[in-house]
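Scroll down for the structure; my scribbles are underneath it.
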Amino acid sequence: MSRFGHKVSAGAIAATAFLMLSSLFSASMFAVGCLLGSLAPDWLEVAWFSKWFGRQSLVPHRTITHWPWPWIMALAALFFAPVDGPGFWLVAGFLAGGLLHLVLDLATPAGIPLGKPFGKKQSFSLYRTGGPGEIIVSVALWGLPAIILLVRIF
Numbered sequence: 000m001s002r003f004g005h006k007v008s009a010g011a012i013a014a015t016a017f018l019m020l021s022s023l024f025s026a027s028m029f030a031v032g033c034l035l036g037s038l039a040p041d042w043l044e045v046a047w048f049s050k051w052f053g054r055q056s057l058v059p060h061r062t063i064t065h066w067p068w069p070w071i072m073a074l075a076a077l078f079f080a081p082v083d084g085p086g087f088w089l090v091a092g093f094l095a096g097g098l099l100h101l102v103l104d105l106a107t108p109a110g111i112p113l114g115k116p117f118g119k120k121q122s123f124s125l126y127r128t129g130g131p132g133e134i135i136v137s138v139a140l141w142g143l144p145a146i147i148l149l150v151r152i153f
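Residue numbers (numbering that gives the first Met the number 0): 0 to 153.
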């Protein structure tokens, strides 16, 4: 998925947090974390662009940073952390955004590694990056906060 698609999708999750969390400050911290985390699997590769060689990175694209198990274990560990202060919601949002990134990349033909971090990549091939399917999925995620809002109104 493109950077734009990841940001739009993270925005939907952040909007849902604003509707679900009782504290505006906690929801804001979750939203900031979610937006940062939504691009984290890509920027954690420490990539740069070279005039002669194109995209280069310290970590090959869609390998260790796109391996879901460390993200899942970190989120599971968060359940044992005290739920007080802005740090909790910032980290929770970051991990939620990172996992959302992985789920959205899993739906593209390139996929992500599910077994070994440098092993074969798995894919659902639901849409192509930059294609109309990506836009449909990103916009459809906004249905979640819309449904929550409608339920609260009616």
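Using N, Cα and C, we set each Cβ at its ideal position, and we do this for glycine too.
Cutting at 7 Å between CB atoms, please list the residues of its own chain near residue i, excluding the five before and the five after it.
| i | result |
| --- | --- |
| HIS163 | Here the chain has residues from 0 to 153 only, and residue 163 is not among them. |
| PRO108 | SER122, SER124, ARG127 |
| ARG54 | ALA46, PHE48 |
| GLY132 | LEU125, TYR126 |
DSSP puts residue i in a beta bridge; with which residues?
| i | result |
| --- | --- |
| PHE48 | ARG54 |
| PRO59 | Answer is none; PRO59 lacks a bridge partner. |
| ILE71 | Answer is none; ILE71 lacks a bridge partner. |
| ILE111 | GLN121 |
Consult DSSP for residue i and reduce its assignment to one of helix, strand or coil.
| i | result |
| --- | --- |
| LYS120 | strand |
| MET19 | helix |
| PHE3 | helix |
| VAL82 | coil |
| THR64 | helix |
Under DSSP, the alpha helix (DSSP H) around residue i begins and ends at which residues?
| i | result |
| --- | --- |
| LEU38 | Counting along the chain, LEU38 falls outside any alpha helix (DSSP H), and DSSP gives it neither H nor E. |
| HIS100 | 85-105 |
| ARG151 | 142-152 |
| GLY132 | 131-139 |
Please list, in chain order, all residues of the same chain as residue i whose beta carbon is under 8 Å from its beta carbon, the five residues on each side excluded.
| i | result |
| --- | --- |
| LYS119 | PRO112 |
| GLY84 | none |
| LEU77 | PHE87, VAL90, ALA91, LEU94 |
Using only CA atoms, which one of the options lies nearest to residue i?
| i | options | result |
| --- | --- | --- |
| MET0 | LEU99, PRO67, SER21 | LEU99 |
| PHE3 | VAL150, ALA139, ILE134 | ILE134 |
| ALA95 | LEU20, LEU34, GLU44 | LEU34 |
| ARG151 | ALA11, PHE78, MET19 | MET19 |
| ALA73 | TRP42, VAL136, SER21, GLY92 | GLY92 |
| HIS5 | ILE146, PRO144, GLY142, GLY129 | GLY129 |
| SER56 | TRP68, LYS50, TRP42, PRO67 | TRP42 |
| PRO69 | TRP51, ILE146, PRO144, GLY114 | GLY114 |
Please go through the same chain and pick out, in chain order, the residues whose beta-carbon is closer than 6 Å to the beta-carbon of residue i, but skip the five residues on each side of it.
| i | result |
| --- | --- |
| LEU140 | SER8, ALA11 |
| THR62 | PRO116, PHE117 |
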